[in-house]
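Here our numbering is used: position 30 in the sequence shown is 32, and no number is missing along the way. The structure appears below as structure tokens.
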Amino acid sequence: MKQITILGSTGSIGRNTLEVIKHFPNEFRVFGLSTNSNIRILSDQIKKFFPEVVVVRDTFKAERLKRNINNKIILLGGEDGLIELSGIKVELLVMAISGSAALFPLIKAIETQPMIALANKEALVMAGPLINQKVKETGTKIIPIDSEQSAIWQCLEDRDKSTLKKIYLTASGGPLKDIDKRDFRKISLEKVLNHPCWKMGKKITVDSATLMNKGLELFETMYLFGVDISKIDILIHPEAVIHSMVEFIDGSVLAQLSITDMRIPIQYALSYPKRLRGFLKPLNFIKIKNLTFLKPDLNKFPCLTFAYEAAKAGGTLPVVLNASNEIAVESFLKRRINFSNIPKVIEKVMKLHKNIKKPTLHDIISVHQWARKKAEEVVNNFN
Ligand SMILES: NC(=O)c1ccc[n+]([C@@H]2O[C@H](COP(=O)([O-])OP(=O)(O)OC[C@H]3O[C@@H](n4cnc5c(N)ncnc54)[C@H](OP(=O)(O)O)[C@@H]3O)[C@@H](O)[C@H]2O)c1
């Protein structure tokens, strides 16, 4: 039985991972679980999956949970607890924490774990070259969970990289694909959170609406597969049936297709290198009828332009892109700014930044904090 730790088990990816585990009781066993503060869902997961170690990052909530769980379970609290769990070796660690909070647990996990199933993308945007260097040193295997990256990974397998011509990163276009840009200012939070194809956490759903999610995936693709940005093309594919494609120098194109359900790439990340019989409905090609592809509209979705700019520049500009986006999205979710102000916050902070070309981890953290503070100031000026 594969022993698994899930960091961020109470989120959308975390809960879907446990759904998969539930279907294969003879294949997987849960060792560790973690939440930021959602002790209600975590308690429920403890009752169903009997983990040995759990972490609640919010220490006040950790104290509350302590009174209600079996004292055989090791309960850890705070950032230190999260790092401690990341450093307990299991067969597979699933990194499903959202945002920049995943960076330090991910680094610790790379130092300790043989295999990591990676859903989080923000840590790679912040520190891709440093993470890759660590992966090289430790030999940890990183398996992508994100549907597009899983598709690319499955199409590439262990093929010779010199035969790769292009990666086509597909995007559904998000919930605002057919809405006029002039109406973005008054678009409601509810409309933005109503994604046409995927059920996901709030941050990534807003990122899908601005197309920043695809921008962050540019970095994921560059760092996970060691490819230059010039080899990555983004295609809007509203049916969201093809999760990405890889073109080889001989003109052959391989694609990975499935229904839009994260449990499919999660299941493969858990079972790899095996494939287990799926429990979801199959694709119905007769119902699909059409597969269409469009160029992304960079004028309508400037976040994608900012991501290209940051990916080409490298250094600490991607850190600024990510941090200012986190604050802008958080502010939109709290109804402090309107939807069309999200790219304005990012643009303003990126313009203020002096890029550090080869940053250390220390540089990355200080730029991250600087950019969050600047973005807060920009948000406050909108009000
Ligand atoms: N959802 C998807 O379908 C999907 C697809 C592809 C990639 N991804 C990527 O996967 C990651 C997770 O996405 P999600 O949609 O599952 O997010 P989510 O639903 O918001 O869940 C995030 C998880 O991380 C925990 N968390 C948040 N902040 C934390 C902190 N500061 N310290 C420790 N734990 C923290 C949350 O705990 P609480 O429950 O207490 O808040 C929750 O367990 C993101 O990077 C996203 O881009 C997601």
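Backbone N, C-alpha and C define an ideal beta-carbon position, used for all residues, glycine too. Model, not experiment: these values are computed from the prediction.
Whose CA, out of the options, lies closest to the CA of residue i?
{"i": "residue 324", "options": "206, 174 and 246", "result": "206"}
{"i": "residue 391", "options": "372, 9, 292 and 289", "result": "The shown model of the chain, from 3 to 385, leaves out residue 391, and the question about it has no answer."}
{"i": "residue 291", "options": "240, 158, 272 and 283", "result": "240"}
{"i": "residue 73", "options": "52, 232 and 183", "result": "52"}
{"i": "residue 129", "options": "383, 364 and 30", "result": "364"}
{"i": "residue 185", "options": "306, 381 and 340", "result": "340"}
{"i": "residue 159", "options": "351, 211, 257 and 3", "result": "257"}
{"i": "residue 380", "options": "351, 369, 367 and 358", "result": "351"}
{"i": "residue 204", "options": "362, 101 and 174", "result": "101"}
{"i": "residue 104", "options": "88, 86, 125 and 164", "result": "125"}
{"i": "residue 162", "options": "251, 358, 89 and 234", "result": "251"}
{"i": "residue 264", "options": "281, 3 and 248", "result": "281"}
{"i": "residue 345", "options": "110, 329 and 370", "result": "329"}
{"i": "residue 278", "options": "10, 27, 9 and 17", "result": "27"}
{"i": "residue 295", "options": "85, 121, 179 and 141", "result": "179"}
{"i": "residue 255", "options": "168, 202, 193 and 181", "result": "168"}
{"i": "residue 384", "options": "127, 362, 61 and 187", "result": "187"}
{"i": "residue 81", "options": "106, 259, 75 and 139", "result": "106"}
{"i": "residue 211", "options": "374, 41, 306 and 132", "result": "306"}
{"i": "residue 375", "options": "354, 270 and 220", "result": "354"}
{"i": "residue 83", "options": "358, 215, 224 and 38", "result": "38"}
{"i": "residue 149", "options": "293, 120, 304 and 275", "result": "120"}
{"i": "residue 378", "options": "300, 332 and 268", "result": "332"}
Which whole-angstrom value describes the C-beta separation of residue i and residue j, a residue pair presumed to lie in contact below a C-beta threshold of 8 Å?
{"i": "residue 222", "j": "residue 135", "result": "Between residue 135 and residue 222 the Cβ distance is about 17 Å, and since that is not below 8 Å, they are no contact."}
{"i": "residue 285", "j": "residue 243", "result": "7 Å"}
{"i": "residue 55", "j": "residue 64", "result": "No, residue 55 and residue 64 are not in contact; Cβ-Cβ is about 12 Å, not under 8 Å."}
{"i": "residue 15", "j": "residue 147", "result": "7 Å"}
{"i": "residue 170", "j": "residue 218", "result": "Not a contact, Cβ separation roughly 17 Å."}
{"i": "residue 87", "j": "residue 36", "result": "6 Å"}
{"i": "residue 144", "j": "residue 226", "result": "7 Å"}
{"i": "residue 1", "j": "residue 173", "result": "With the chain running from 3 to 385 in the structure shown, residue 1 is simply not present."}
{"i": "residue 321", "j": "residue 370", "result": "5 Å"}
{"i": "residue 7", "j": "residue 33", "result": "5 Å"}
{"i": "residue 29", "j": "residue 4", "result": "6 Å"}
{"i": "residue 110", "j": "residue 166", "result": "32 Å between Cβ atoms; not a contact."}
{"i": "residue 248", "j": "residue 335", "result": "Incorrect: roughly 35 Å between the Cβ atoms, too far for contact."}
{"i": "residue 61", "j": "residue 79", "result": "4 Å"}
{"i": "residue 260", "j": "residue 266", "result": "5 Å"}
{"i": "residue 48", "j": "residue 75", "result": "7 Å"}
Can you check DSSP and say which residues form a bridge with residue i?
{"i": "residue 255", "result": "249"}
{"i": "residue 5", "result": "31"}
{"i": "residue 36", "result": "57"}
{"i": "residue 2", "result": "The structure shown does not extend to residue 2, since the chain is modelled only from 3 to 385, so the question has no answer here."}
{"i": "residue 79", "result": "58"}
{"i": "residue 94", "result": "6"}
{"i": "residue 329", "result": "DSSP lists no partner for residue 329."}
{"i": "residue 264", "result": "Beta-bridge pairing links residue 264 to no other residue."}
{"i": "residue 146", "result": "120"}
{"i": "residue 244", "result": "259"}
{"i": "residue 296", "result": "238"}
Less than 6 Å separating the Cβ of residue i from some heavy atom of ligand 3?
{"i": "residue 153", "result": "Judged by which ligands are present, ligand 3 is missing from the structure shown, whose ligands are ligand 1."}
query: Do three or more CB pairs link the region 307-318 to the region 180-199 at distances below 8 Å?
result: The region 307-318, when compared against the region 180-199, does not touch it at the 8 Å Cβ threshold.
query: With contact counted as at least three CB pairs below 8 Å, one residue from each stretch, are the region 87-99 and the region 116-131 in contact?
result: Contact between the region 87-99 and the region 116-131 is present, because at least three Cβ pairs lie under 8 Å.
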